[in-house]
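Chemist: Using the UniProt record's numbering, you'd call the opening residue of the sequence shown number 1 and step up by one each time. I am attaching a structure below and will ask some questions about it afterwards.
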Amino acid sequence: MGSTLIGMVYCTWQERSFHLAVMQQQKWNSMVTLVHTAALCKHNFGCMRKLKNAAFGGCISSPMMEENSDNIFNFLRNRRIPEEEITLMKQQKIDREVILLMDDADLAKYLPSYGDRIALIHFCRRQTPSAKRKLGLFEKLKEKMKLRKEANGDEQEPQTSNKKASCKAKSCKRNIEIGWIHNENGVIKQVRARQGGGTRKLQINTEARHDDILKEGKALFFQNGNSTKGQESDFEFEVWDFKQNPLPIDVSVGMIYNTVKLPILRFYIATRPILSLTEESSDEPDQAGDISDSDSTKVDDCSQSENLSELEETVPDVFFISDEDVSLHSSEDHHAGMQFNVSSDPEITFGPQQPTEEDFLSDTVIHDPCDSPQNVPNDLQNRNLTIHYSHSFNDMIEAFSDHEIVTQSLTVKRILPNNSEEAGSGPGVLRDVYSNFWSDFYEHCTIGTSVKVPFLRHDFSSDKWKAVGRVLLKGFKDCKYIPIKIAQPLFEEILFGVVYTDLKATFLKFVSCQERDVLNQALNDFSSVDMDELLDIMNTYECRRMVTASSLPGIIDEIAHKELIQKPMFVIDCWREVTKDLISLSCEEIQQLYKDLKPTPKKVTGLLKFPSEMSENQTEVANHLKRYIREIDEDKLCRFLRFCTGSDLVVTEAIQVEFTIQTDFTRRPIGHTCGMVLELSDSYDNFPQFRAEFNCVLESNIWVMDIV
């Protein structure tokens with residue numbers, strides 16, 4: 001009985017275990033099937049979703065893209081853009097997204113006008129973007145939580161919204177600078193602060209345009225309609241941008257900020273006097289008298305400003321100064337006793353003058369700090385300089401070792417290599433002497449490539465460096481000549497004791513071309529630069545820091561300051577001692593002077609003045625000359641200027657071109673440096689012949705000035 005019961009219990013337990021195992025296996029199979037089915041459904045759902053997006057997304061996005069493109073092209077048509085340019089943009093598939101990715105240079109290929117490009121970029125940025133894609137559950141939840149949090153914040157902290165509103169209002173305004181540029185008698189000059197001008201800073205709405213800026217400028221410089229130059233009604237007004245180009249009327253401040261990405265924009269209020277025929281005819285004809293130049297041509301009796309511009313060429317020296325008028329006397333006999341009255345100008349002062357407490361010199365005037373004597377002599381003390389061609393550099397340093405030479409009038413005679421005296425003389429020879437001196441100085445006393453810096457020599461004492469400083473000062477006073485290859489930060493350190501120019505950009509012009517390429521590559525993409533070359537350059541300039549992508553810009557700034565300022569500091573101190581209080585230029589005037597003096601093919605071509613009537617051969621030779629100037633390199637362009645004017649910089653406003661009859665044997669270009677005249681033959685058969693003969697002249701080592 002007991003065994004039977006035990007057997008039944010055992011069978012029952014075994015049968016139950018079997019059933020449990022079967023049920024567990026079935027349950028497991030069901031779960032696997034369910035998971036597989038869910039995965040299959042999920043896959044099918046994803047495919048269906050992709051198919052849906054592909055089917056409907058393209059159908060929706062294509063019309064929207066076409067609509068955006070049509071809006072852009074309609075906008076361009078409203079701005080009167082030629083249909084050919086719009087068709088070209090359609091062919092190149094340039095739509096809103098592409099325009100926002102293009103820079104100003106690429107967009108200029110399709111829209112030449114600067115105002116059209118700014119307006120188009122601003123229009124594309126205002127267009128509403130395409131519809132957002134459906135957010136997932138998690139993104140929707142985040143949006144709801146964000147909205148709820150903002151709603152609670154508005155109820156609990158009402159002051160926060162006021163702060164946000166004020167911040168938004170502030171973001172609608174940007175800081176700008178406004179200056180005043182005045183055009184008088186053809187001379188364009190920025191008005192200094194002491195004359196009622198200067199640079200003013202203010203906040204203005206980003207939607208402000210031409211008229212708004214002009215209104216602010218008039219309120220600043222013409223308070224109550226008056227200024228130091230005259231009344232507001234006496235001038236014509238323009239608004240110039242930071243490049244000193246006229247500002248388009250329909251371009252706003254915000255558009256320019258978004259385009260050029262400058263930290264602060266500068267605008268200029270440009271003024272010029274309104275001249276009428278009655279004012280010109282009312283001038284007294286006896287005011288100027290009969291004035292003749294070296295060619296015995298008379299000067300028309302026009303306004304005082306026109307007479308002044310003519311006298312700058314015919315009357316070389318200015319001696320006597322009074323409070324009411326300025327009397328100009330020539331050193332030539334036929335100019336003796338001639339006087340010309342000039343109305344006082346607060347910006348320009350001629351000659352030495354006794355300084356008073358109420359009369360100060362302008363920032364741009366070179367003056368003598370020493371008190372002038374009561375009786376100013378009619379003639380400055382003349383000094384004759386004899387310069388040898390083969391030793392001109394040393395002769396100049398020896399002559400300018402005398403500190404009194406800067407107050408004397410110079411007459412230069414040069415000794416040719418054959419030991420004979422050069423026949424030519426005059427201002428052209430003086431300009432050529434200064435140009436030749438600085439060319440030798442670049443070769444023997446400086447280091448650097450495009451930009452040069454003086455380096456210390458054991459045979460150059462402080463007296464010699466001061467003599468070089470006097471050459472710099474005298475050249476600027478006599479010919480407005482400044483050696484522009486010398487680094488601009490060095491001149492700023494001399495005049496102001498501080499550097500305003502970007503040292504990094506100047507240093508990249510100071511190093512060699514190969515080093516410049518490596519440094520630019522390292523600054524743009526540090527990971528792609530050859531580290532061996534970069535470290536070799538850093539070792540050349542004695543770098544003592546670890547070079548990384550983040551530290552490289554600061555290291556280059558430090559090296560630039562050491563090479564451009566610290567090393568030549570002894571030379572800077574010597575030149576500062578010589579030029580102290582004798583050259584007064586602002587930083588902007590130095591930058592403009594560097595820009596104006598640097599010769600370019602466009603500038604030199606613009607200087608050429610041809611006869612009003614030319615024959616067919618003369619017209620062909622004139623075209624040969626323009627083509628030749630456009631083709632030559634920078635070094636030969638400087639030689640061309642020096643051949644025509646005596647200076648390798650742009651120190652004149654015109655080069656007169658004259659045509660002469662010459663035989664094939666005597667045919668050659670002739671330059672008159674004093675009068676800045678170029679004589680050419682009109683018998684050239686073709687351009688290569690013209691180019692070969694002009695190259696032969698410019699590549700000559702010595703130009704003999706044998707025309708008195």
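Positions of the beta carbon are idealized from the N, C-alpha and C atoms, including for glycine.
Give the straight-line distance between the Cα atoms of F526 and I556, rounded to the nearest whole angstrom.
Modeler: Taking the straight line joining both Cα atoms gives about 14 Å.
Chemist: Taking its Cβ as the centre, do 16 or more other Cβ atoms sit within 10 Å of E493, making it buried, or is it exposed?
Modeler: Classification of E493: buried, given that the 10 Å Cβ count is 16 or more.
Chemist: Per DSSP, T271 forms a beta bridge with which residues?
Modeler: Answer is H182 and F237.
Chemist: What do you get for Q190, buried or exposed, if any count of 16 or more other CB atoms within 10 angstroms of its CB means buried?
Modeler: Result: buried.
Chemist: Spell out whether any CB of chain D is found under 8 Å from the CB atom of I181.
Modeler: Going by chain labels, chain D is absent from the structure shown, which holds only one protein chain.
Chemist: If you draw a straight line from the C-alpha of G196 to the C-alpha of K109, how long is it?
Modeler: C-alpha separation (whole angstroms): 42 Å.
Chemist: With a threshold of 7 Å on Cβ separation, who are the neighbours of residue 762 within its own chain once the five nearest residues in sequence on each side are excluded?
Modeler: Outside the modelled stretch of the chain, which goes from 1 to 708, sits residue 762, for which no answer is possible.
Chemist: Roughly how many angstroms lie between the CA atoms of N524 and E613, to the nearest whole one?
Modeler: Distance between the alpha carbons of N524 and E613 is about 55 Å.
Chemist: According to DSSP, L678 sits in a beta bridge with which residue or residues?
Modeler: Partner(s): V657 and G671.
Chemist: Helix, strand or coil for H458, going by three-state DSSP, please let me know.
Modeler: Note: H458 maps to coil in three-state DSSP.
Chemist: Express the C-alpha separation of F476 and I482 in angstroms, rounding to a whole number.
Modeler: Each residue's Cα considered, the two are about 6 Å apart.
Chemist: G254 and E207: beta carbons closer than 8 Å?
Modeler: Result yes, Cβ atoms of G254 and E207 sit closer than 8 Å.
Chemist: Mapping DSSP to helix, strand and coil, what is S401?
Modeler: Coil at S401, not helix or strand.
Chemist: Just the C-alpha distance for N418 and G424, rounded to the nearest angstrom, thanks.
Modeler: For N418 and G424, the distance between alpha carbons rounds to 16 Å.
Chemist: Among L607, E616, N686 and Q662, which residue has its Cα nearest to the Cα of F640?
Modeler: The residue with the shortest Cα to Cα distance from F640 is L607.
Chemist: Inspect the beta-carbon positions of E177 and R266 and report whether they are closer than 8 Å.
Modeler: A contact, by the Cβ cut-off of 8 Å.
Chemist: What are the boundary residues of the alpha helix (DSSP H) that includes V650?
Modeler: Taken as a continuous stretch (DSSP letters only), V650 belongs to no alpha helix (DSSP H), as it is neither H nor E.
Chemist: What three-state label does DSSP hand L608 in the structure shown?
Modeler: Note: L608 maps to strand in three-state DSSP.
Chemist: Relative to the C-alpha of L534, which candidate in Y114, G675 and E515 has its C-alpha closest?
Modeler: Out of Y114, G675 and E515, E515 has the C-alpha closest to the C-alpha of L534.
Chemist: Please determine, among F73, V260 and D402, the residue with the shortest C-alpha to C-alpha distance to K90.
Modeler: Checking every option, the nearest Cα to that of K90 belongs to F73.
Chemist: Cβ of S409 within 8 Å of Cβ of Q381?
Modeler: Contact: yes.
Chemist: In the DSSP output, what is V453 paired with across the bridge?
Modeler: Answer by DSSP bridge pairing, in chain order: I447.
Chemist: So I484 packs on L649, CB below 8 Å; how close in whole Å?
Modeler: Correct: roughly 7 Å between the Cβ atoms.
Chemist: I'd like the span of the alpha helix (DSSP H) that includes N520, first residue to last.
Modeler: N520 -> alpha helix (DSSP H) spans C513 to N524.
Chemist: Report the rounded CA-to-CA distance for N394 versus I559, giving the unit in angstroms.
Modeler: Taking the straight line joining both Cα atoms gives about 33 Å.
Chemist: For T160, does the count of other Cβ atoms within 10 angstroms reach 16, so buried, or fall short, so exposed?
Modeler: Per-residue confidence for T160 stands at a pLDDT of 49, beneath the threshold of 50, marking its modelled position as unreliable; no derived number is given.
Chemist: Run through DSSP, which three-state label would C167 get?
Modeler: Note that C167 scores 48 on pLDDT, short of 50, meaning its location in the model is unreliable; the coordinates nonetheless yield the value given after this. If DSSP states are grouped into helix, strand and coil, C167 belongs with the helices.
Chemist: With a threshold of 16 other CB atoms inside 10 Å of the CB of I655, please say whether the residue is buried or exposed.
Modeler: It is buried - the Cβ of I655 has at least 16 other Cβ atoms within 10 Å.
Chemist: Excluding five sequence neighbours on each side, which residues of the same chain lie with their C-beta closer than 8 Å to the C-beta of L553?
Modeler: The residue asked about is misnamed: residue 553 is Pro in this sequence, not Leu. These residues qualify, in order along the chain: K504 and L523.
Chemist: What did DSSP end up calling Q190 once you bin it into helix, strand or coil?
Modeler: Correct three-state label for Q190: strand.
Chemist: To the nearest angstrom, how far is it from the Cα of H444 to the Cα of V412?
Modeler: So the two alpha carbons sit approximately 23 Å from each other.
Chemist: Rounded to the nearest angstrom, how far is the Cβ of F659 from that of L680, given a contact under 8 Å?
Modeler: 6 Å between Cβ atoms; contact.
Chemist: Give every residue of the same chain whose Cβ lies closer than 8 Å to the Cβ of Y257, excluding the five residues on either side of it in the sequence, and list them in chain order.
Modeler: So the qualifying residues of the chain are R174, T206 and L265.
Chemist: Measuring CB to CB, does L490 end up less than 8 Å from L564?
Modeler: Contact: yes.
Chemist: By the DSSP assignment, the beta strand (DSSP E) with V412 in it spans what residues?
Modeler: Run containing V412: S409 to I415, per the beta strand (DSSP E) assignment.
Chemist: Compare the C-alpha of Y684 against each of A622, G497, K243 and T228 and name the closest.
Modeler: It is A622 whose Cα lies nearest to the Cα of Y684.
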